[in-house]
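A quick write-up on the structure given underneath.
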Amino acid sequence: MGTVTEINLSFTGLTGTLQKLDFSSFLNLLRLDLKTNKLSGSVPSNIGLLSKLQFLDLSTNDLNGTLPLSLANLTQVYELDISRNNIVGEIDAHFFPDGTGQSRTGLIGLKHFLLQENQLGGRILEEIGNSKLLTQIARDGNFLTGSIPVSLGNLSSLSIRRVAVNNLQDRFLQILALEQLN
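Quick note, the sequence shown lines up with residues 1 to 182 if you use the UniProt record's numbering.
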């Protein structure tokens, strides 16, 4: 009996919600690509069962609601793209490693964190600086407030950061500070 390690249904015109999808049937799934469809509803919390998942792309759909905390169980995910949806709320600190170097939860392997063009609010958390492998962050086109965290300066591999079109404070000084990351 084989195991499913990849599901790619991108650009297929897929409609409906993900709520009734039994993720426990795909425990060996490494890649889930559902980008550019017409999926609606919220991201289901049982997506956190996919503990081996390395790539998750739900971008360019009509998903809404908040991101489930169970996403923090996806410790092997290196790319998380939920951009161009209608996701609301704030990003929880539990999505990021705890900074001790001993984290067993949080998006430990995350390299690409793409959440642009949603309805996200709140601030960019200092904890994002604990994601040592992060090379790309895109959160432009949301409703983020506050300052860009100093902890981003700890991310030596961070090369692409897009946070424009938000309500961030001290934008000119922060842009200058981020330019020095390269």
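Backbone N, C-alpha and C define an ideal beta-carbon position, used for all residues, glycine too.
Taking residue i as the reference, which of the options has the closest Cα?
i, options, result
"Asn-130", "Glu-117, Thr-145 and Ser-103", "Ser-103"
"Gln-19", "Ser-40, Val-4, Asp-92 and Ile-128", "Ser-40"
"Phe-95", "Val-88, Leu-110 and Leu-9", "Leu-110"
"Leu-58", "Thr-5, Leu-115, Gly-89 and Ile-148", "Leu-115"
"Leu-133", "Arg-139, Gly-141 and Gly-106", "Gly-106"
"Arg-139", "Gly-153, Asp-98, Val-88 and Ile-108", "Val-88"
"Tyr-78", "Asn-85, Ser-159 and Leu-53", "Leu-53"
"Asn-86", "Leu-71, Ser-70 and Leu-63", "Leu-63"
For residue i, which residues from the same chain have a beta carbon less than 8 Å from its beta carbon, with the 5 sequence-adjacent residues on both sides left out?
i, result
"Ser-51", "Leu-27, Asn-73, Leu-74, Thr-75 and Gln-76"
"Pro-68", "Ser-42, Val-43, Pro-44, Ser-45, Ile-47 and Gly-48"
"Leu-30", "Thr-5, Glu-6, Lys-52, Leu-53, Gln-54 and Phe-55"
"residue 224", "This structure leaves residue 224 out entirely; the chain is present only between 1 and 182."
Let me know if residue i comes out buried or exposed under the rule of 16 or more other beta-carbons within 10 Å of its beta-carbon.
i, result
"Asp-22", "exposed"
"Lys-38", "exposed"
"Glu-117", "buried"
"Asn-61", "buried"
"Leu-120", "buried"
"Ser-83", "buried"
"Val-43", "buried"
"Phe-113", "buried"
"Gly-13", "exposed"
"Gly-141", "buried"
Might you give, ordered along the chain, the residues of its own chain that have their beta carbon closer than 6 Å to the beta carbon of residue i, omitting 5 neighbours on each side?
i, result
"Ser-157", "Thr-135"
"Leu-49", "Phe-23 and Ser-24"
"Gly-146", "Arg-123"
"Asn-8", "Asp-33"
"Asp-81", "Asp-57, Ser-59 and Leu-114"
"Asn-182", "Because the pLDDT at Asn-182 is just 45, under 50, the model does not fix this residue reliably, and the value given afterwards should be weighed accordingly. Hits under 6 Å: none found."
"Pro-97", "Ser-103, Gly-106, Ile-108 and Asn-130"
"Lys-35", "Ser-10, Asp-57, Ser-59 and Thr-60"
"Ala-93", "Leu-125 and Glu-127"
"Gln-180", "The predicted position of Gln-180 is uncertain, since its pLDDT is 47 and thus under 50; a value taken from the coordinates is nonetheless stated next. The answer is none, since no qualifying residue turns up."
"Arg-171", "In this prediction, Arg-171 has a pLDDT of 49, which is less than 50 and means its spatial position is unreliable; nothing more can be read from the coordinates."
Ignore the nearest five residues each way along the sequence and tell me which others in residue i's own chain have a CB closer than 7 Å to its CB.
i, result
"Pro-149", "Ile-124, Leu-125, Glu-126, Ile-128 and Gly-129"
Practice item. Inspect the CB distances between the stretch 94-108 and the stretch 117-124 and report whether three or more fall short of 8 Å. Key: No contact exists between the stretch 94-108 and the stretch 117-124.
**Study point:** Entirely enclosed beta strand (DSSP E) segments - the stretch 71-114, minimum 3 residues
**Key:** 79-81, 86-89 and 112-114
Exercise for review: At 3 residues or longer, and completely inside the stretch 3-55: list those beta strand (DSSP E) runs for me, N to C.
Suggested key: 6-8, 15-17, 31-33 and 38-42
Point to revise | Complete beta strand (DSSP E) runs within the stretch 120-151 (minimum length 3 residues, chain order) | key: Runs of the beta strand (DSSP E) inside the stretch 120-151: 136-138 and 143-146.
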